[in-house]
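Colleague: Once you've had a glance at the structure underneath, I'll fire off some questions.
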Amino acid sequence: MPLLDRGLLWLSLVLGSCASLESAVWGNNTKDALNVLLIIVDDLRLSLGCYGDKLIKSPNIDQLASHSLLFQNAFAQQAVCAPSRVSFLTGRRPDTTRLYDFNSYWRVQAGNFSTIPQYFKENGYVTMSVGKVFHPGISSNHSDDSPYSWSVPPYHPSSEKYENTKTCRGPDGELHANLICPVDMADIPEGTLPDKQSTKQAIQLLEKMKTSASPFFLAVGYHKPHIPFRYPKEFQKLYPLENITLAPDPQVPAGLPPVAYNPWMDIRLREDIQALNLSVPYGPIPVDFQRKIRQSYFASVSYLDTQVGHLLSALDDFHLANTTIVAFTSDHGWSLGEHGEWAKYSNFDVATHVPLMFYVPGRTALLPEAGQQVVDLVELVSLFPTLTGLAGLHVPPRCPIPSFHVELCREGQSLLKHFRFQDLEEDLTLHDNPHESIAYSQYPRPTDYPQWNSDKPSLKDIKVMGYSIRTIDYRYTVWVGFNPHEFLANFSDVHAGELYFVDSDPLQDHNMYNDSQGGDLLQSLIPWVVPTTKGV
């Protein structure tokens, strides 16, 4: 039986048992409960029209944004897939999940922490996962955290297995495993792509749920614009090379500590990049090829946008748009040549700054124009309390310190106050908390200098941790010694530091850490960094 049919069969069985579930958990409240559609994109920076990028063609996401509350300054807690996803899906920071790589399952390594979908499931929702929601593999127990998080088996597209194989036809007519990979749909295995399959599956699940008496929580994870840039070739035509500019700061900054630099080793493994014979770690990519990379990233975003458009159209067609919250975000950003870097794997804004928006039926579209966008700094760990609050569920309590023994709590603050809905449960105690305007991120390194595993060190190899705080005025990062066996940072063992002032240096190219202008400020910032090691 095909995987698609098996998933729908499971869903039928689950829905068949929902009557007893509703009476046990919800009583008569399920008929009024809002559904949730959570869209998670892989490696999406703020390259969207709704975030002011005039080059990018993203009409469907922009349309969603026009009816949503959009957060201008949302930040991931670690700029790599598995740690970021586990962090925001559990509402805990990486120092609490103890996941900095891809090689452990938080329920075993750290604590039996509840997840967003698990909490909805325990409150009477049918929870479903399509595509890349949790990172597959050890970090989600090779099961996407089933059965804890999901009512039905998670769906992964069958064409996923071809993503990193030789399916890119080059100028020589041969197939290659390239970074840049626009494809002819008739020329690829199965004649389809993972995100197309995920959209199709998600639409079938929506159709199944439209007549259900139970509310649903559907998470859809899209692969693009994650590398390789494998997308239908017609999208490349949207971005003529002559219109593609380079990054505004394509050089490695003179004052950048070596420990802060990521050598983008996964990019270097692609056949078309290997053919460039680049020096490691700082060798620049030729200018003409930089434009091609940026072109294909933008084309991948537009391809993604069409899939989001199909999904949202189905929500409307099935008359679910008036009863479904839609949340849209990314696990982290992606560098496109800024600071001489590519990929993620850093604490810079370009790697940690992510899109975040919430559509709440009958609510967000009615907000005054000035209320459609929020400039306050927020974090992805706020997703858990915000989604539960918007859905009318009890918001899980704040975590104690430490919280490894507590199954249900959250380290992020609720964002409900920004919606200005008088009937929602808000984090009233935090309204005057100065932590509100700070976002924390972190990134591990194996050494002080770039090497082959600097981008993705295994836990046992982590010797340095870069803790970073971002305020509306500055980004401050301190790189300190780290003990991977005890999960402890030593703030007396400072390896390097970075300080960038947002107003005068928005691209973060001029490190003021050792400058007299930054000295007084640094002394006041130390207390703000230390709490991140305790998951505050």
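Residues in the sequence shown are numbered from 0 upward in steps of one, following numbering that gives the first Met the number 0. Positions of the beta carbon are idealized from the N, C-alpha and C atoms, including for glycine.
1. Please tell me whether H66 and T363 are closer than 8 Å, where the distance is taken between their beta carbons.
2. With a Cβ-Cβ cutoff of 8 Å, do L407 and P399 count as a contact?
3. Identify the continuous beta strand (DSSP E) that holds R444 and give its terminal residues.
4. Kindly indicate the opening and closing residues of the beta strand (DSSP E) around D492.
5. For A298 versus Y238, is the C-beta spacing smaller than 8 Å?
6. Report yes if the C-beta distance between Y442 and Y344 is below 8 Å; otherwise report no.
7. Tell me the residue span of the beta strand (DSSP E) that contains Y466.
8. Can you list, in chain order, the residues of its chain with a C-beta nearer than 6 Å to that of C80? Leave out the 5 residues immediately preceding and following it.
9. Does DSSP put N34 in a helix, in a strand, or in coil?
10. Measuring only the C-alpha atoms, how far is A109 from F403?
11. Quick one: measure Cβ to Cβ for R540 and V251, integer angstroms, because I've assumed they're closer than 8 Å.
12. For G136, collect the residues of the same chain with a Cβ closer than 7 Å to its Cβ; drop the 5 residues on either side in sequence, then sort them by chain order.
13. Where does P384 sit, in a helix, a strand or coil, going by DSSP?
14. Determine the extent of the alpha helix (DSSP H) in which Y118 is found, giving its start and end residues.
15. Do the CB positions of Y439 and R97 come within less than 8 Å of each other?
16. In chain order, which beta strand (DSSP E) runs of at least 3 residues are fully inside the region 289–329?
17. Which residue or residues does DSSP assign as beta-bridge partners of C167?
18. Please confirm whether T166 and P146 have their CB atoms less than 8 Å apart.
19. Among I471, F490 and V493, which residue has its Cα nearest to the Cα of D502?
20. Provide the residue span of the alpha helix (DSSP H) that contains Q551, from first to last.
21. Which residues in the same chain have their Cβ closer than 7 Å to the Cβ of N111, if we skip the five residues on either side of it in sequence?
22. Distance check for V493 and V374, CA to CA, integer angstroms please.
23. Using the rule of at least 16 other Cβ atoms within 10 Å of the residue's Cβ for burial, across every protein chain shown, is H318 buried or exposed?
24. Which residues in the same chain as T476 place their Cβ atom closer than 6 Å to its Cβ, once the five residues preceding and following it in sequence are excluded?
25. Confirm, please, whether the CB-CB distance from V151 to M127 is below 8 Å.
26. Measure the Cβ-Cβ separation of L36 and T305 and say whether it is below 8 Å.
27. Applying the 10 Å Cβ sphere with the 16-neighbour rule, what's the burial state of H484?
28. Relative to the C-alpha of K462, which candidate in S83, P449, F481 and R474 has its C-alpha closest?
29. Using the Cβ count rule (16 or more neighbours within 10 Å means buried), how would you classify Y118?
30. Closest to H309 by CA distance: which of L205, D52, R44 and T95 is it?
31. The beta strand (DSSP E) that contains S86, what's its start and end?
32. Check whether the Cβ atoms of I226 and D271 sit closer than 8 Å, and answer yes or no.
33. Look up V394 in the DSSP assignment and give the residues it is bridged to.
34. Considering only DSSP beta bridges, list what V359 is partnered with.
35. Roughly how many angstroms separate the alpha carbons of P401 and K459, rounded to a whole number?
Modeller: Short version:
1. Residue 66 sits at position 67 when you count from the first residue of the sequence shown. Residue 363 sits at position 364 when you count from the first residue of the sequence shown. Contact: yes.
2. Numbered from its first residue, the sequence shown carries residue 407 at position 408. Numbered from its first residue, the sequence shown carries residue 399 at position 400. Going by C-beta atoms, L407 is not nearer than 8 Å to P399.
3. Indexing the sequence shown from 1 puts residue 444 at position 445. Unbroken beta strand (DSSP E) run through R444: A438 to R444.
4. Translated into the one-based positions of the sequence shown, residue 492 becomes position 493. Looking at the DSSP string, the run of the beta strand (DSSP E) that includes D492 is L487 to F500.
5. The residue you call residue 298 lines up with position 299 of the sequence shown. The residue you call residue 238 lines up with position 239 of the sequence shown. Going by C-beta atoms, A298 is nearer than 8 Å to Y238.
6. Taking the first residue of the sequence shown as 1, we reach residue 442 at position 443. Taking the first residue of the sequence shown as 1, we reach residue 344 at position 345. At a Cβ-Cβ threshold of 8 Å, Y442 and Y344 count as neighbours.
7. By one-based count along the sequence shown, residue 466 stands at place 467. Start and end: V463 to R469.
8. As a first step, residue 80 is located in the sequence shown; it is residue number 81 there, counting from the start. Taken in chain order, the residues that qualify are H134 and D330.
9. On the sequence shown, residue 34 is found 35 positions in, with the first residue counted as 1. In the structure shown, N34 sits in a strand (DSSP, three-state: E or B).
10. If you number the sequence shown from 1, residue 109 lands on position 110. If you number the sequence shown from 1, residue 403 lands on position 404. Approximately 6 Å, taken between the alpha carbons.
11. Residue 540 is absent from the structure shown; the chain starts at 0 and stops at 535.
12. Taking the first residue of the sequence shown as 1, we reach residue 136 at position 137. So the list reads F101, once near-sequence residues are dropped.
13. For the purposes of this step, residue 384 is identified with residue 385 of the sequence shown, where counting begins at 1. Helix, per DSSP.
14. Translated into positions along the sequence shown, residue 118 becomes position 119. I115 to E121 is the span of the alpha helix (DSSP H), which, as asked, contains Y118.
15. The residue given as residue 439 occupies position 440 in the sequence shown. The residue given as residue 97 occupies position 98 in the sequence shown. Their beta carbons are not under 8 Å apart, which means Y439 does not touch R97 by this criterion.
16. 323–329
17. By one-based count along the sequence shown, residue 167 stands at place 168. Paired residues: H175.
18. Taking the sequence shown and counting its residues from 1, the one referred to as residue 166 is at position 167. Taking the sequence shown and counting its residues from 1, the one referred to as residue 146 is at position 147. Not closer than 8 Å, so no.
19. Residue numbering aside, residue 502 sits at position 503 when the sequence shown is read from its first letter. Considering only alpha carbons, the answer is I471.
20. Residue 551 lies beyond the stretch modelled for the chain, which goes from 0 to 535, so this question has no answer here.
21. Translated into the one-based positions of the sequence shown, residue 111 becomes position 112. The residues are E406.
22. In the sequence shown, counting from the first residue as 1, residue 374 sits at position 375. In the sequence shown, counting from the first residue as 1, residue 493 sits at position 494. Cα to Cα, V374 sits roughly 32 Å from V493.
23. As a first step, residue 318 must be located in the sequence shown, where it is residue number 319. Flag for H318 reads exposed.
24. Numbered from 1 along the sequence shown, position 477 holds the residue referred to as residue 476. Only N346, G465, S467 and E497 meet the Cβ criterion.
25. Residue numbering aside, residue 127 sits at position 128 when the sequence shown is read from its first letter. Residue numbering aside, residue 151 sits at position 152 when the sequence shown is read from its first letter. Cβ atoms of M127 and V151: closer than 8 Å.
26. Position 37 of the sequence shown, counting from 1, holds the residue named residue 36. Position 306 of the sequence shown, counting from 1, holds the residue named residue 305. No; because the gap between Cβ atoms is not below 8 Å, this pair is not in contact.
27. Within the sequence shown, residue 484 is the residue found at index 485, counting from 1. H484 comes out exposed.
28. Within the sequence shown, the letter at position 463 stands for residue 462. Comparing Cα positions, the closest option is F481.
29. For this step, residue 118 is matched to residue 119 along the sequence shown. The residue is buried, with at least 16 neighbouring Cβ atoms inside 10 Å.
30. Here residue 309 refers to the residue found at position 310 of the sequence shown. Taking only the C-alpha atoms, the option nearest H309 is L205.
31. What you label residue 86 is simply residue 87 of the sequence shown in a count that begins at 1. Run containing S86: none in the beta strand (DSSP E); it sits in the alpha helix (DSSP H), C80 to T89.
32. Residue mapping note: residue 226 aligns to position 227 of the sequence shown, counting from 1. Residue mapping note: residue 271 aligns to position 272 of the sequence shown, counting from 1. Cβ distance not < 8 Å, so I226 and D271 don't count as in contact.
33. Indexing the sequence shown from 1 puts residue 394 at position 395. Paired residues: none, contrary to the question.
34. Sequence index remark: in the sequence shown, residue 359 carries index 360 (1-based). BP columns for V359 are empty, so no partner.
35. Taking the sequence shown and counting its residues from 1, the one referred to as residue 401 is at position 402. Taking the sequence shown and counting its residues from 1, the one referred to as residue 459 is at position 460. So the alpha carbons of these two residues sit roughly 23 Å apart.
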